[in-house]
Structure formats: structure tokens, C-alpha cells
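Report on the structure given below.
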Amino acid sequence: MRAEASLADLLASVSSGDREALRLVYQRQSTRLFGIANAILRDREAAADAVQDGFLRIGQRAGQFDPARGMAEAWLAAVIRHAALDLARRRGRELPTDDPTLGDMPVAPEALERVAAQFEGRRLRDCLGALDEKNRKGILLAFVHGLSHAQVAARLDLPLGTVKAWIRRGLLQLRECLA
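Under the UniProt record's numbering, the residue at position 151 of the sequence shown is numbered 151, and the numbers go up by one with no gaps.
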């Protein structure tokens, strides 16, 4: 019977300290959750670290899961996604390459400034400069600093829909300028 319990029931048991329930959640979901972490981090070892950190969080925060607000699978995916994003921020942004002999190279936050200093980058800098301040700030926070739309909205103290619209308009203008 225990092995047939729903994930929501297992999370309820985990919230009361049931280690066996956490083990069952891991057995059922770890492969899928590893795939999510690996898609974000593009590094199997880092993805494994994110899954481990995520399951520590799941063990500590299982009581926060509310089946009335959504499915257990989605809640678990969100926990792992946040763990992977936290790890990615700690590691720094990476620029993946197609050459397996080179490996991934870290990209410092001032990478946009270095690119802008190069010939091709001048055009990008000019196009970014032509954008409205709100569009430019949203794009830089999202794509250079790696913030989600929700995090950009929180940082700018604006509604999420407004931030999404600004970023979308800015990207359209940027694409037109660079074409």
C-alpha cells in the first residue's frame, strides 16, 4: 500500500519526518528531476548536486506543499528548478561551446561590456542604447544578470505583466536594430 501512495500523500508524510516517504519520493521522481536540473545546468555533476540540495529542501519544506494549489510533481519540479538556479548563480553564468575539448567557459557579469568593446559589440551597445531605459534595464536584468521575469518584476517593484511586456518590446526593437 505504501508504495502505491500518491506523491501528495508521501509529501504529507515527509513533512512529519518520515524518511521512508522521502526515499519513495526520491525513487519515483529523481530521474525526472535530474533531467530538469541537467537541462538548466548542462552539467551532470552539478545537476546531481542540485538534486541533492533540492531533496534536502524537500525534506525540510514538504509541509509547504498544498495540494489545493497544484500537483505534487509541479511543486517538486519547482524546488529542484530553484536549487539548480541557485547553484548556477553561485557558479557564475556559463557559455556552452560545441567543442568538447574546450569545456564550458565562465562568463563574468561584465561580459556584455567586453563584447560591446569589440567591433560587433559596438552595434549591440548602440542598439541597447537606443532602447527606452525601462526596456534596456529589463533586458539586462534578465539576460545578463540571469534573473527570471518574476525576479525582475520584484527588483523593479512592477507588475509581472508589465515587465514581460517591456522585455518583449525591447527584444523586438533590439532584433530589428540588429537586423
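Virtual Cβ for every residue (Gly too), placed ideally from N, Cα, C. All of these numbers come straight from a predicted model, not from anything done at the bench.
Rounded C-alpha distance that separates residue i from residue j
i: D43; j: H145; result: 20 Å
i: T162; j: Q173; result: 16 Å
i: L102; j: L156; result: Residue placement at L102 is poorly supported in this model, since its pLDDT is 43, which falls under 50; the coordinates still yield a value, given next. Approximately 38 Å, taken between the alpha carbons.
i: V107; j: F55; result: Below a pLDDT of 50, predicted positions are generally treated as unreliable, and V107, at 43, falls in that range; no measurement from the model is reported.
i: P67; j: V25; result: 15 Å
i: C127; j: D86; result: 31 Å
i: A116; j: R28; result: In this predicted model, A116 has a pLDDT of only 44, less than 50, meaning its place in the structure is not dependable enough to derive any value.
i: S15; j: A5; result: 15 Å
i: P159; j: R136; result: 17 Å
i: E176; j: S13; result: 54 Å
Residue of the options minimising C-alpha distance to residue i
i: L33; options: A77, G63, D53, L41; result: A77
i: G59; options: A150, I80, D157; result: I80
i: R122; options: E20, T31, L178; result: L178
i: Q151; options: S16, V51, R61, H82; result: H82
i: Q64; options: L11, I40, A88, L41; result: L11
Rounded Cβ spacing between residue i and residue j (contact assumed at less than 8 Å)
i: I167; j: G129; result: I167 to G129, Cβ: 17 Å. No contact.
Whether residue i touches residue j by CB criterion (8 Å)
i: L22; j: A72; result: no
i: H149; j: K134; result: no
i: V51; j: A62; result: no
i: L124; j: G170; result: no
i: D91; j: A46; result: The sequence shown places Arg at residue 91, not Asp. Result yes, Cβ atoms of R91 and A46 sit closer than 8 Å.
i: L41; j: A88; result: yes
Buried or exposed by the 16-neighbour rule on C-beta atoms within 10 Å, applied to residue i
i: F119; result: Only weak support is given to the placement of F119: the predicted model assigns it a pLDDT of 48, under 50, and the value that follows is read from those uncertain coordinates. It is exposed - the Cβ of F119 has fewer than 16 other Cβ atoms within 10 Å.
i: A142; result: buried
i: R69; result: exposed
i: G17; result: exposed
i: A84; result: buried
i: T97; result: Reliability fails at T97, whose pLDDT of 48 lies under 50, so the model's placement of it is uncertain and the value that follows must be treated cautiously. Exposed, since its Cβ has fewer than 16 Cβ neighbours within 10 Å.
i: A153; result: buried
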